[in-house]
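A quick write-up on the structure given underneath.
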Amino acid sequence: MEKYIKLLQEFVGNTISADEFEQRFIQLFKGDNNLQLGREFKILDKLFADVDAYCSDPDLIEDPRFDIGEDQLQVSAEETLDKLVDLTTSYTLNYREDK
């Protein structure tokens, strides 16, 4: 999850553009052979759907029910980042409690 968290932090922190985030996220998600079904996948799959719906040109957004702009992508990325950080923290706490 670290790769996803780092990428999300870069986008949410405005270090990279929405277009660069779109490209890098799709490449990371589609090329991730270690991603298994479960909570992480569901969280990332929701973001994938939003990234897929992202349109960088607001004039080309035909139907806001199916296409999203940069602001909506930013919100989705922030929500995803929060969920992944919470999930990672909970895994770390559970691991420490098991020792």
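Heads up, the sequence shown is in my numbering, so the first residue is 211 and it goes up one at a time. We treat Cβ as the ideally placed atom computed from N, Cα and C, and that holds for glycine. All values reported here derive from a predicted model rather than from experimental measurement.
What's the gap between the Cα of residue i and the Cα of residue j?
i           : j           : result
residue 213 : residue 246 : 15 Å
residue 220 : residue 268 : 23 Å
residue 249 : residue 259 : 16 Å
residue 305 : residue 271 : Unreliable positioning characterises residue 305 in this predicted model, as indicated by a pLDDT of 49, which lies under 50. The coordinate reading is nonetheless provided below. Distance between the alpha carbons of residue 305 and residue 271: 45 Å.
residue 225 : residue 278 : 21 Å
Looking only at its chain, what residues have a beta carbon closer than 8 Å to the beta carbon of residue i, apart from the 5 residues adjacent to it on each side?
i           : result
residue 256 : 286, 290
Count the other CB atoms, across all protein chains shown, that sit within 10 Å of the CB of residue i; report buried if there are 16 or more and exposed otherwise.
i           : result
residue 203 : Lying before the first or after the last residue shown, residue 203 is absent from the chain, which here runs from 211 to 309.
residue 230 : exposed
residue 235 : buried
Under 6 Å Cβ to Cβ from residue i, same chain only, skipping five residues before and after it: list those, please.
i           : result
residue 241 : none
residue 215 : 294
Along the chain, which unbroken stretches of the alpha helix (DSSP H) at least 4 residues long are found entirely within the segment 223 to 258? Runs of the alpha helix (DSSP H) lying entirely within the segment 223 to 258, each at least 4 residues long, are 228 to 240 in chain order.
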